[in-house]
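> Protein chains in written order, with my numbering: chain A, 1 to 65; chain B, 66 to 605.
Sharing a structure, written as structure tokens. Questions coming.
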């Protein structure tokens, strides 16, 4: 089974992060939630591998503390 | 701090009593780190400089403390680095905490073979004492430092700059061919020319304290998101020289300045951070908001703006003081060559072309760091908390956590002075980049540093073969020719060749400010010569 990348994989993380925050500019909180949910679905479809997605979901839920 | 600050005596100068305004090649306004670095560089380059400062002492308050490796390399060229290294606190490591947990740490200089560390911390007032001493030593070489000379008016004409100055003996006037405004964020020169900053102002207030204490914390940068001692906000701790510590606490947008600056309230905040047992004394406290902005242009005719007079950043990343000194480093050699008639006036246009993008890079990093620390939207706060929640266990998320991206020298991408690569090289040391250091052995057998060999103006750094470079050493300007290997500088570790991606015959042409002009695998004399012309702005 493929293993999820948890080391950095984006060449310029600061620039990406700024774009991600910029995506939410001028949105209401409800709009932001929808945008985030859409983004997750789009990226999940791109990843395609349900095994990888399960690993990502476990990490996302596990780091809640 | 201020009670022990040295006083530099005001002295009368002949210009004050001259019947007509005396004319000087360069007037530098402001005797801070940027103005003094520039004046020292000019005088070392053979051009006298008059420095005007309204005060008679070093700066007070919580100013720059972190001096980056590249800045130290510049100070070394100016003859100021040794005393700074002795006085300053060396550090390479940063730690980022979330609550009370260490999320991760980073080493800013993971490899050896560099003369200077990633950073030293030395409070600006102590650094200025070192620069003033160096400037005074150069008095006989044309460095004319005038305390209690307050600029009151500046008139920029086509053929000169006129300055009106007030002194304890009354006003007088001067003229100069060029004027450099290094007079800080409230620049008198900038106001005199009716210029203003463009950019962002951040609403969050920060409490900045310099505290004297004997503490067992190591010499490293510590940053906290949401620490228990300052819940919901951020905090920064830095060690300075002489048992002084810099503490920077985010207070939010609604903080009441009067309440926050009351000594008992400051003490209570620091007490909760430092714990009940550490005795401390507050040396200086102030409340700040931050701006990330700049002048549209850094040159206006014969007037040049450098340092905070030209641009402002937030303190997270130490990009203010370091960016300013790098402005001076960029401008000094150009002014000197133009004033000596060696290079055409338009060489000076490259100051704006090179330093505006460098300032934008500093402003970009500073803005992003400030945005991460003080999220402006609920979504931004959520992403920040998510990144912090992942960063301890999952390294990828550390790339998103931004407690300040610490000062790095600008690569002067696309500068008109660069000669683009025509041979295949790894990109790291491309034209416009600052030349990297390496440990070397000089021909006489003594150990040295490569950057020390690049302090004589333009330099051709040749690996294994210097025949082509040697034939252009007297063209237009002197070019120092430095040979690595083949009986020249010893590079037994191979680090110099590795850092410059060098093979036998590789030649770098390097500017007086140690930035790469061009590089070739096996250049002809004509190629080096053309690159030199371009770096001097002889080619359009």
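Backbone N, C-alpha and C fix where the C-beta goes; we use that ideal spot for every residue, glycine too.
Computed from a predicted structure; not experimentally measured.
Okay, do the stretch 284 to 291 of chain B and the stretch 108 to 118 of chain B touch, 3+ Cβ pairs below 8 Å being the bar?
No, the stretch 284 to 291 of chain B is not in contact with the stretch 108 to 118 of chain B.
> Which full runs of the alpha helix (DSSP H) of 4+ residues lie inside the stretch 384 to 429 of chain B, going along the chain?
384 to 404
> Short check: CB of residue 505 of chain B to CB of residue 443 of chain B, under 8 Å?
Taking the second chain and counting its residues from 1, one reaches residue 505 of chain B at position 440. Taking the second chain and counting its residues from 1, one reaches residue 443 of chain B at position 378. Going by C-beta atoms, residue 505 of chain B is not nearer than 8 Å to residue 443 of chain B.
> Quick check: the stretch 126 to 136 of chain B against the stretch 384 to 391 of chain B, are at least 3 beta-carbon pairs closer than 8 Å?
At 8 Å Cβ cutoff, the stretches touch.
> Ignoring anything shorter than 3 residues, give me the beta strand (DSSP E) runs that lie fully in the stretch 263 to 295 of chain B, in order along the chain.
263 to 266, 270 to 278, 286 to 290
> Tell me the rounded alpha-carbon separation between residue 383 of chain B and residue 171 of chain B.
Sequence index remark: in the second chain, residue 383 of chain B carries index 318 (1-based). Sequence index remark: in the second chain, residue 171 of chain B carries index 106 (1-based). Within the model, the alpha-carbon separation for residue 383 of chain B versus residue 171 of chain B is close to 16 Å.
> Would you mind telling me which residues of chain B sit closer than 7 Å to residue 7 of chain A, beta carbon to beta carbon, in chain order?
Start at 1 with the first residue of the first chain, and residue 7 of chain A comes out as number 7. In chain order: 460, 461.
> Taking DSSP as the reference, what is the three-state secondary structure of residue 253 of chain B?
Taking the first residue of the second chain as 1, we reach residue 253 of chain B at position 188. In the structure shown, residue 253 of chain B sits in a helix (DSSP, three-state: H, G or I).
> At what residue ranges does the stretch 122 to 196 of chain B contain a whole run of the beta strand (DSSP E), taking only runs of 3 or more?
131 to 133, 154 to 156, 158 to 163, 166 to 172, 184 to 186
> What are the partner residues of residue 231 of chain B, as DSSP defines its beta bridges?
Mapped onto the second chain, residue 231 of chain B falls at position 166. Under DSSP, residue 231 of chain B takes part in a beta bridge, and its partners are B:215.
> Mind the definition here: the stretch 112 to 120 of chain B touches the stretch 268 to 280 of chain B only if three or more C-beta pairs lie below 8 Å; say whether that holds.
no
> Between the beta-carbon of residue 94 of chain B and the beta-carbon of residue 248 of chain B, is there less than 8 Å?
For the purposes of this step, residue 94 of chain B is taken as residue 29 along the second chain, with counting starting at 1. For the purposes of this step, residue 248 of chain B is taken as residue 183 along the second chain, with counting starting at 1. Yes, the Cβ-Cβ distance between residue 94 of chain B and residue 248 of chain B is below 8 Å.
> Starting from residue 583 of chain B, follow the beta strand (DSSP E) in both directions and report where the run begins and ends.
Stepping through the second chain from its first residue, residue 583 of chain B is reached at position 518. Residues 581 to 585.
> Report yes if the CB atom of residue 359 of chain B is closer than 8 Å to the CB atom of residue 262 of chain B, and no otherwise.
Your numbering for residue 359 of chain B matches position 294 in the second chain. Your numbering for residue 262 of chain B matches position 197 in the second chain. Annotated as proximal: residue 359 of chain B and residue 262 of chain B, with beta-carbon spacing under 8 Å.
> Let me know if residue 251 of chain B comes out buried or exposed under the rule of 16 or more other beta-carbons within 10 Å of its beta-carbon.
By 1-based counting over the second chain, the position of residue 251 of chain B is 186. Flag for residue 251 of chain B reads exposed.
> Give the interface partners of residue 470 of chain B over in chain A, defined as CB-CB distance under 9 Å, in chain order.
Position 405 of the second chain, counted from the first residue, corresponds to residue 470 of chain B. Simply 14.
> So, is residue 600 of chain B buried or exposed, given that buried needs 16 or more other C-beta atoms within 10 angstroms?
In the second chain, residue 600 of chain B corresponds to position 535, counting from 1. Looking at its Cβ environment, which holds 16 or more other Cβ atoms inside 10 Å, residue 600 of chain B is buried.
> State the CB to CB distance for the pair residue 583 of chain B and residue 496 of chain B, rounded to an integer number of angstroms; the pair is presumed to be in contact (CB under 8 Å).
On the second chain, residue 583 of chain B is found 518 positions in, with the first residue counted as 1. On the second chain, residue 496 of chain B is found 431 positions in, with the first residue counted as 1. 5 Å between Cβ atoms; contact.
> Would you mind telling me which residues of chain B sit closer than 8 Å to residue 29 of chain A, beta carbon to beta carbon, in chain order?
Here residue 29 of chain A corresponds to residue number 29 of the first chain, with the count starting at 1. Those are 443, 444, listed as they occur along chain B.
> Please list, in chain order, all residues of the same chain as residue 2 of chain A whose beta carbon is under 8 Å from its beta carbon, the five residues on each side excluded.
In the first chain, residue 2 of chain A corresponds to position 2, counting from 1. Only 49, 51, 52 meet the Cβ criterion.
> Of all the CB atoms in chain A, is at least one closer than 8 Å to the CB of residue 464 of chain B?
Mapped onto the second chain, residue 464 of chain B falls at position 399. Answer yes: the Cβ-Cβ gap between residue 464 of chain B and chain A drops below 8 Å somewhere.
> Going by beta carbon distance, what residues of the same chain come within less than 6 Å of residue 146 of chain B, once the five residues before and after it are set aside?
Position 81 of the second chain, counted from the first residue, corresponds to residue 146 of chain B. Only 137, 140 meet the Cβ criterion.
> Tell me whether residue 66 of chain B sits in a helix, a strand or coil according to DSSP, three-state version.
Within the second chain, the letter at position 1 stands for residue 66 of chain B. Because residue 66 of chain B sits at a pLDDT of 44, beneath the cut-off of 50, its placement in the model cannot be relied upon, and the point is left open.
> What residues from the stretch 33 to 50 of chain A come within 9 Å of chain B, judged by C-beta to C-beta, listed N to C?
33, 35, 36
> Identify the contact partners of residue 467 of chain B in chain A, using a Cβ-Cβ distance below 8 Å as the criterion.
Looking up residue 467 of chain B in the second chain gives position 402. Simply 14, 17.
> Please list the terminal residues of the continuous beta strand (DSSP E) segment that includes residue 304 of chain B.
Here residue 304 of chain B refers to the residue found at position 239 when the second chain is read from its first residue. Note, residue 304 of chain B: beta strand (DSSP E), 299 to 304.
> Can you list, in chain order, the residues of its chain whose CB lies under 6 Å from that of residue 86 of chain B, leaving out five sequence neighbours each side?
As a first step, residue 86 of chain B must be located in the second chain, where it is residue number 21. Non-local beta-carbon contacts of residue 86 of chain B in its own chain, meaning distances under 6 Å to residues more than five positions away in sequence, involve 238, 239, 240 in chain order.
> Are residue 546 of chain B and residue 534 of chain B closer than 8 Å when you measure CB to CB?
To locate residue 546 of chain B, count along the second chain from 1; it is residue 481. To locate residue 534 of chain B, count along the second chain from 1; it is residue 469. Contact: yes.
> List the residues of chain A that residue 288 of chain B touches, going by C-beta distances under 8 Å, in chain order.
Sequence index remark: in the second chain, residue 288 of chain B carries index 223 (1-based). Counting only Cβ-Cβ distances below 8 Å, residue 288 of chain B has no contacts in chain A at all, with the closest Cβ about 16 Å away.
> Check whether the Cβ of residue 433 of chain B lies closer than 8 Å to any Cβ atom in chain A.
As a working note, residue 433 of chain B is residue 368 in the second chain. With its beta carbon less than 8 Å from one in chain A, residue 433 of chain B belongs to the interface.
> In its own chain, which residues sit with a C-beta less than 7 Å from the C-beta of residue 47 of chain A, not counting the 5 before and 5 after it?
Taking the first residue of the first chain as 1, we reach residue 47 of chain A at position 47. 53.
> Considering only residues of the same chain and omitting the five flanking positions on each side of residue 407 of chain B, which have a CB-CB separation below 8 Å?
Translated into positions along the second chain, residue 407 of chain B becomes position 342. Here the set comprises 541, 542, 601.
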